[in-house]
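Please read the structure below before turning to the comments.
In our numbering, the protein residues as written are 31 to 358.
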């Protein structure tokens, strides 16, 4: 009898971080003959039901709301790791994330007992955190070269990128309403048929990774763009970046869905928005990512989840300012 994983999507991180986790988990499940289901009723991106708000259904979905309590994205760290983090926090005079200490609150002891009982009662074998470390081995974020690894699936040989791409094409299918709303957004741009795409991230990204300034993208562009295309579509969360680029690089025509009021994306702030605002922001994000996928050449950073996703979907002409090689 097949074992079963219920993947909790939308429980803590930004959309593409959450979605790539789903992709890796789904592919891992296929490779290891594990039944795959999702839970999204409490998703941080939902405005009504969860996954089906934007996408076509591709698998069964759990309904029990206690997944919100027990089905975490990752295991809580060991006490040694928490103490080590606390020391670093004190030395650097920074506030430590609350989730690191949740495991050691007295009430958690009861939940650990209930986790096992809930799993048995609902008849599944794996929470998201049970297999998190295993399916993250399919994540090329830290090691781009693994995308060329050969894997056997259904008696056929594929590269890891082939399989991840197939998984995305199966799961990342917008429903009719979302497609219509995205088309309306695209039409507001009057974008030319051929254009260059860039994703320049600001906001809270600096807390996780190095943030590269916009000039580094244009230095990269000078090295790789030998065409006559002078139109650029930019996905960014900070309108000041758009203004600076227009001022410093007047030879390019710049398009973006970023609004003048935007001064950087912060995931904790996004999670406090009402469903309508979340929906509008996500529709802009989905539309922007779709435009970047369809660009003639794309420049981003591989330390960003949307850019990892874009690269997995695109076949070529993707470049990253945080990689030394020119052609990835």
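Note that the Cβ used here is the ideal one computed from N, Cα and C, for glycine as well.
Per DSSP, cross-strand counterpart(s) of residue i
| i | result |
| --- | --- |
| residue 69 | 38 |
| residue 228 | 264 and 329 |
| residue 180 | 189 |
| residue 293 | 268 |
| residue 284 | 262 |
| residue 85 | 204 |
| residue 349 | 329 |
| residue 91 | 68 |
| residue 279 | In DSSP, residue 279 forms no bridge with anything. |
| residue 156 | 35 |
Burial state of residue i, where buried means 16 or more other Cβ atoms lie within 10 Å
| i | result |
| --- | --- |
| residue 345 | exposed |
| residue 331 | buried |
| residue 163 | exposed |
| residue 322 | buried |
| residue 260 | exposed |
| residue 117 | exposed |
| residue 275 | buried |
| residue 302 | exposed |
| residue 273 | exposed |
| residue 93 | exposed |
| residue 87 | exposed |
| residue 31 | exposed |
| residue 54 | buried |
| residue 335 | buried |
| residue 348 | buried |
| residue 341 | buried |
| residue 151 | exposed |
| residue 242 | buried |
| residue 218 | exposed |
Cβ shell of residue i (< 6 Å), same chain only, five flanking positions each side left out
| i | result |
| --- | --- |
| residue 293 | 268 |
| residue 33 | 64 and 155 |
| residue 191 | 177 |
Nonlocal neighbours in the same chain, by C-beta distance under 8 Å from residue i, ignoring five residues either side
| i | result |
| --- | --- |
| residue 245 | 278 |
| residue 247 | 228, 230, 329 and 351 |
Rounded distance between the beta-carbons of residue j and residue i, thought under 8 Å
| i | j | result |
| --- | --- | --- |
| residue 338 | residue 50 | 6 Å |
| residue 36 | residue 165 | Contact doesn't hold; Cβ gap of about 13 Å is too wide. |
| residue 84 | residue 204 | 6 Å |
| residue 40 | residue 75 | 5 Å |
| residue 187 | residue 179 | 11 Å between Cβ atoms; not a contact. |
| residue 57 | residue 253 | In fact, because the Cβ distance is near 34 Å, the residues do not count as touching under 8 Å. |
| residue 225 | residue 325 | 6 Å |
| residue 81 | residue 95 | Not confirmed; about 15 Å, so no contact. |
| residue 214 | residue 263 | With 8 Å as the limit, residue 214 and residue 263 do not qualify as a contact, their Cβ atoms being about 17 Å apart. |
Residues near residue i by beta carbon distance below 7 Å, same chain, minus five either side
| i | result |
| --- | --- |
| residue 318 | 265 and 287 |
| residue 101 | 36, 38, 69, 157 and 158 |
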